[in-house]
Amino acid sequence: MVDQAGQTRRKSELDTIDQATLTPLVRHARSSATIEIIDWSYSQVHGGAGDVGGGLSGIYRFVGRGFDQGEIISWSLILKISGSSTANDDPSSPRYWKREILAYQSGRLDDLPGGLAAPRCFDIVERSDREAWLWLEDLSDEIGARWPLEHYGLVARHLGQFNGAYLHSYPLPSDPWLSRGWLRALVYRAEHGIVQLRNSLDHPLLRRLYPDKQADRTFALWAERETFLDALDRLPQTFCHRDAFRRNLFARRRADGREQTVAVDWTYAGIGAIGEDINPLVNASLYFSEVEPAEAKALDDIVFNGYLTGLEDAGWQGDPRLVRFGFTAASALCFDIGYQLGDGLPMILDENRHPWMEHAFGQPIEQLMDLLAGHGRFSLDLADEAKVLLGSLDKLKQ
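Here this note's numbering = 1-based position in the sequence shown + 875.
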């Protein structure tokens, strides 16, 4: 979270953006070389989980009017500020601050296979060796804020087409900025959290978060982490978005009438196992209450089947049990270990962070613990399923 001084500095910088800066961006966005800008304003956009790390990032929407060939037109742009206050220059880091910038500069996001797309990027301004400004296409969702459950199946199909292309017909990317070992690094960031959990189980919030034997199941999963991670490394590997959940996805229709999913926030993009990319589509969408907890199993079924269809569309014909293991193992490790213990537990134990959590999740802290406890049971059940699949993994057709 950015402090008050940082917010003041940021506002001062944004207020200096002028007509000369905006005009070429608006002309690019609207595909017109004759637009003259009349006025504009900006506001901060809040989405995803927010700035958990307390870095320098922020997203702003610029809207305004212009005059073009005798008509008044409306326009909008997204400014995404990516930065780091620390010397996080390791491209292998799960949260390498420059990854999305390099992804756009590489051109790799310009024409993705299948039904997945990235927003158009109109300009990248590197303001220092620790900060860059990305001017991006502003998106609106064709369906609206709440998707019907069936649409998650279509999005999963688009992700399957995207992942499947790099398993069947496209060469696997080798760019140095791609994340590798992302899940392993995320899991091991939770090592201190495991110790904290063992020592804090009498905390009233943790008693709600880990009812019954749920903490014991989490410790058992931690003990098997290397077995699961090594098995995931043996699965077919593909190009992954890694953060494709409801708040980062937009439904739209292409000019030819076909439905498309536009994925924003490519900060975690990299190489991962088949099935990993639908982990956030199911789990983070449940985590942030984009889908009701009672629909978790239905969401799982719809997403998994849609993803398999997308893989088949792309020409991949391997054993579906490989995909199922990739999804179940990654889900359990990512959410029950990586996010809940690596990110969540320190905030739960720090009362000063509770207002941020309540804002991000839209729940009072006690109710949030009950909600996350339910999700914990769901992800630990997926871990049990992954363990059953693990026994036959090496015998399956890849």
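We put the beta carbon where it would ideally sit given N, CA and C, even for glycine.
Own chain, CB closer than 6 angstroms to residue i, minus 5 neighbours either side, in chain order
i	result
E1012	P994, R995
R1228	M1222
V1062	R1100, L1208, I1212, G1213
F1125	L1014, D1016, V1137
L1186	G1035, G1039
L1243	F1236
V877	With a pLDDT of only 49 at V877, under 50, the local geometry of the prediction cannot be trusted, and no value is derived from it.
V992	Checking the displayed sequence, the identity of residue 992 turns out to be Ala instead of Val. Q1135, V1137, listed in sequence order.
S907	D943
L977	W1052
Rounded separation between residue i and residue j - CA only
i	j	result
R905	K1262	52 angstroms
P1239	E1233	5 angstroms
E888	I913	21 angstroms
E1001	T898	19 angstroms
W1052	L1161	30 angstroms
P988	K1088	44 angstroms
I892	F1236	32 angstroms
A895	R902	11 angstroms
V920	I1018	19 angstroms
P1230	L952	30 angstroms
A1248	P1046	41 angstroms
P1195	V938	46 angstroms
H1250	D985	35 angstroms
R970	F1103	22 angstroms
T1113	F1120	18 angstroms
L1255	R1092	7 angstroms
K886	R1005	18 angstroms
A1169	A1020	19 angstroms
Y1041	E1241	43 angstroms
G930	G1266	With a pLDDT of 44 at G930, under the threshold of 50, the modelled position of this residue cannot be trusted; read the value that follows with caution. Near 42 angstroms, if we compare the C-alpha coordinates of G1266 and G930.
S918	K955	12 angstroms
G1044	A1065	Correcting the residue identity first, residue 1044 is Ser in this sequence and not Gly. S1044 and A1065: Cα-Cα distance of roughly 36 angstroms.
H1067	R1055	22 angstroms
P1048	R983	9 angstroms
K1270	E1260	17 angstroms
Collapsed DSSP secondary structure at residue i in the structure displayed
i	result
Y1162	helix
L954	strand
E1012	strand
R902	helix
T1102	helix
D890	helix
L1124	strand
S981	helix
V1178	helix
A1138	strand
L1084	helix
D998	strand
Q1036	helix
G989	coil
R936	strand
G838	Only positions 876 to 1273 of the chain appear in the structure, and residue 838 is not among them; the question remains open.
W915	strand
A1007	strand
G929	Caution applies to G929, whose pLDDT of 40 falls short of 50 and renders its modelled position unreliable; the value that the coordinates give is listed next. It is coil, neither helix nor strand.
D1108	helix
D943	strand
I948	strand
S1049	coil
Spatial neighbours of residue i in its chain, beta-carbon cut-off 8 angstroms, leaving aside the 5 residues before and after
i	result
L1076	R1082, Y1085, A1090
Q1174	It is worth fixing the name first, because residue 1174 is Leu in this sequence and not Gln. If we look at L1174 and ignore the five residues flanking it on each side, its Cβ neighbours are L1024, Y1027, V1157, S1160, L1161, V1166.
S981	D1050, W1052
Proximity below 8 angstroms, CB of residue i to CB of residue j
i	j	result
A1207	L1268	no
A1205	E1167	no
L1034	L1156	yes
I1149	N1074	no
G941	E975	no
S957	A1007	yes
P1111	L1197	yes
G1147	L1058	yes
A1171	F1094	no
Close beta carbons around residue i, own chain, < 7 angstroms, minus the five adjacent residues each side
i	result
I1069	W1097, L1216
H1116	A1138, W1141, A1144, D1152
Y979	C996, I999, L1009
V927	Model confidence at V927 stands at a pLDDT of 44, short of 50, so the residue's coordinates are unreliable and nothing is read from them.
N1154	F1202, A1205, S1206, C1209
T909	D943, Q944
W915	L897, F937, V938, G939
D1245	R1083
G933	R885, Q919, I956
Below-8 angstroms beta-carbon distance, residue i vs any chain C residue
i	result
F1210	In summary, chain C is missing from the structure at hand, where a single protein chain is found.
**Asked** Quick check: the region 1183–1197 against the region 1209–1219, are there 3 or more CB pairs under 8 angstroms?
**Response** Not touching, per the Cβ criterion.
**Message:** Whether or not the region 1176–1183 and the region 1128–1138 are in contact is what I'm after, with contact meaning three or more pairs of Cβ atoms, one per stretch, closer than 8 angstroms; do they touch?
**Reply:** With a cut-off of 8 angstroms, the region 1176–1183 and the region 1128–1138 do not count as touching, because too few Cβ pairs lie within range.
**Message:** Counting beta carbon pairs with one atom in the region 1025–1032 and one in the region 1101–1118, are three or more of them shorter than 8 angstroms?
**Reply:** Touching, no, given that fewer than three Cβ pairs across the two stretches are closer than 8 angstroms.
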